[in-house]
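Read the structure below first, then the notes.
In this note's numbering, the protein residues as written are 2 to 855.
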């Protein structure tokens, strides 16, 4: 208790000096709190969405190849004595047209079945305020919409909405607003709920269901029943435990959120580095008091404990302030993170409200306190262990430390290890373990190389600028601890900024290049996109009748169509394209890798083979000539791999390119997602676009866009998904600016007597101010240069080695040239701005005051 009171008394006079440490800890905690709160809210939203269409179901019966099932599978399930309840479910995609246009999922359920209550914990008819379900069923245009969608579109009971489906444009009447939980939470609340049979008619899928959810009787083993049902059903009907399916989806999201947690941890690391610099200055100023305490009998361990208690006190203050800031930060970043998750996983993730949960706030606050205490450990050890005579005699005089042979050898070895691992990355291929090794080696090597680089740059700048600058550079090289601390903070911050910039740029290029692959020759692109990037299962389709109508539009020379789908066992993305897309080089080059079979595209067009993308090759170890087995709604399909190429971004497991004719034959799906148009010579794109909308606009909801417009739209969607990184960059740069300025100010404070001596020898105030600026310049160049190198190296290891294992996409590193250049400029500017107050203070010091300074 006495030590705590003493620490509080000593802090009372140093709040101004410790305010900076409190501020950076607050920023670090705010970053961590914001990410943790946003992740927690998004995790709950994702869980609600997963459970909304599963409820208490134990088993899920579905089409292994994607698509739909014959509704007669329900009869087989209900005949089993192990079945307590079973409910069929049909899902499709549509677009609400007129006014605010949004993509929605059409969900068809059996309104009269009590299985809805037993499985989904709620009866949609009752929860939506429908008094008589029979009246609802007798009116075929009846729909129920969730409360969230009703608010978004301004709907109420009795409102009329028009849906664009692949088979037409039905006009429906809202006869219920679904409140609370249940199926209305699926797909982020963007659902339109209908009776099963009305949904089958609206979607053109009579007698079909997407899946059957099953609740088991008490005591029944789900795995055993799943095995027995799979023995009875044909191969294209799969039966799986609902918990296992949901766990696979959670694991994908967990990897993404872990990446965000790592980013927030870096903010706390930066806060710890700056705290170490700040408290080192505070402890250095109190050397006399520390010597007195030692003389009064305080042992080093007691003194160390007292100093760390001080660090814990101001860290707690910073953590409390950061927790409050983090709540606001979470509100700001939750929507962009939800967009990024939707983009990554092709699964709608609704933007949830931020709940002020104590768990994430306490976790981030505790981490902030720990970072502050850990940052104070080394400075506290340094002053607590000094002999009393040294403490009392040396005060603020700086002594150089010899650069030992072992230290120099360690630096060389660390640099060579980092280079060797990077070379192995390119020679042997990337991997998660190698990526971790590269990151660790780069961090160690950069920390070890920072001091000699700083000394070398300081000497070079001293020779260039001469005079006081040369003396200051030598002094900084003789005792570079404070300068190294400032450069270390700068290096870490710039490395984080470069890493974030390269990661966002690489993902943007990957998505743009992938989604425009094979489309580079198209003059116009026609699809049903309305409100942003692909939302996975609720991406609207177009009827195949539109293809001939597009071809009949004046000025259109050729039309090529494609459709995206997913085969679920094992999960494989499918890009189905028609013959014109494959045979007509005007639509673009598929850019096949070397080793493809001769006439590979013709083989795909004729349904005699498939292309696979690089991701599928890596995940399944496929080669050209191997046979790939795909499950379809009508049975297994086996086709040889005739080439590697045709990149797509449909499934994280990897994608195949097949003939659209083959797809339609096995999936019984005549629709398409996108059509490419080649125009006749001399035809105007503007005129053709206007004609397409005029001739087809009454029956189809179309977007008509050119190649450049498509690429820019995709870029905007990706940028929107990565908007949260802007806040991370801003916070990082703010912390760096504060930290470097503080370290430079502390460096000048420590050298007050030396500065006074230089004034006494005739150096002018402007010369001494220039000396401080030159020292700041050497810190800025050293920290920024190493930060850029480390950031690029980490980006290589992370984007190509670790990110594929987190997100599943096989990304390549794309250089963001502006980011390193901007990082170098910002780093130097941050140091120069941070040097201005110390430089002004130096110029104003009188020789007498400086020489008397203790």
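We treat Cβ as the ideally placed atom computed from N, Cα and C, and that holds for glycine. Only a predicted model underlies this, so the values are computations on that prediction, with no experimental measurement involved.
query: Beta-carbon spacing of residue 570, residue 659 below 8 Å; result: no
query: Cα-Cα separation between residue 681 and residue 558, rounded to whole angstroms; result: 5 Å
query: Alpha-carbon to alpha-carbon, residue 368 and residue 63; result: 45 Å
query: Alpha-carbon to alpha-carbon, residue 804 and residue 815; result: 14 Å
query: Cβ neighbours of residue 44 in the same chain (closer than 8 Å, five flanking residues each side left out); result: 254 and 258
query: Spatially closest choice to residue 552 from 589, 739, 693 and 724, by CA coordinates; result: 693
query: C-beta contact flag for residue 35 and residue 499 at 8 Å; result: no
query: Supposed close pair residue 436, residue 798 - CB separation, criterion 8 Å; result: 4 Å
query: Proximity to residue 588 [Cα-Cα], best of 707, 215, 645 and 202; result: 707
query: Through-space distance from residue 102 to residue 95, alpha-carbon basis; result: 10 Å
query: Integer-rounded CB distance, given that residue 702 should sit under 8 Å from residue 98; result: 5 Å
query: Residue from 795, 33 and 365 whose Cα sits closest to the Cα of residue 431; result: 795
query: Per-residue DSSP class, three states only, for residue 502; result: helix
query: Cβ shell of residue 922 (< 6 Å), same chain only, five flanking positions each side left out; result: An answer regarding residue 922 cannot be provided, because it is not within the stretch 2 to 855 covered by the chain.
query: Beta-carbon contacts of residue 83 that lie in its chain and below 8 Å, excluding the five residues immediately before and after; result: 217, 218, 221 and 226
query: Coarse secondary structure for residue 112, derived from DSSP in three states; result: coil
query: Helix, strand or coil at residue 703 according to DSSP, with G and I counted as helix; result: coil
query: Terminal residues of the alpha helix (DSSP H) in which residue 575 lies; result: Counting along the chain, residue 575 falls outside any alpha helix (DSSP H), though it belongs to the beta strand (DSSP E) covering 572-578.
query: Same chain, Cβ closer than 7 Å to residue 433, five either side skipped, listed in chain order; result: 802, 803 and 806
query: Beta strand (DSSP E) runs contained entirely in the region 598-675, provided each spans 3 or more residues; result: 611-613, 628-633, 636-645 and 656-660
query: Backbone CA spacing between residue 196 and residue 265 [nearest angstrom]; result: 46 Å
query: Residue of 784, 85 and 79 minimising C-alpha distance to residue 485; result: 784
query: First through last residue of the alpha helix (DSSP H) which encompasses residue 165; result: Segment 161-165 is the beta strand (DSSP E) holding residue 165; no alpha helix (DSSP H) there.
query: Cβ contact check for the region 364-382 and the region 319-334: 3 or more pairs under 8 Å; result: yes
query: Proximity below 8 Å, CB of residue 79 to CB of residue 87; result: yes
query: Proximity to residue 241 [Cα-Cα], best of 235, 231 and 546; result: 231
query: Cβ neighbour criterion (16 or more within 10 Å) applied to residue 836; result: buried
query: Reference residue 834; option with closest CA among 233, 765, 777 and 822; result: 777
query: Where residue 139 sits in the DSSP three-state scheme; result: helix
query: contact_flag[the region 455-464, the region 406-426] where n(CB pairs < 8 Å) is 3 or more; result: no
query: Straight-line gap, residue 607 to residue 262 (C-alpha atoms, nearest Å); result: 48 Å
query: Terminal residues of the alpha helix (DSSP H) in which residue 546 lies; result: 546-552
query: Residue environment, residue 139, which counts as buried when at least 16 other CB atoms sit within 10 Å; result: exposed
query: Beta carbon of residue 90 nearer than 8 Å to that of residue 191; result: no
query: Distance between residue 142 and residue 156 (C-alpha atoms, nearest Å); result: 15 Å
query: Reference residue 829, options 561, 153 and 775, closest by Cα; result: 775
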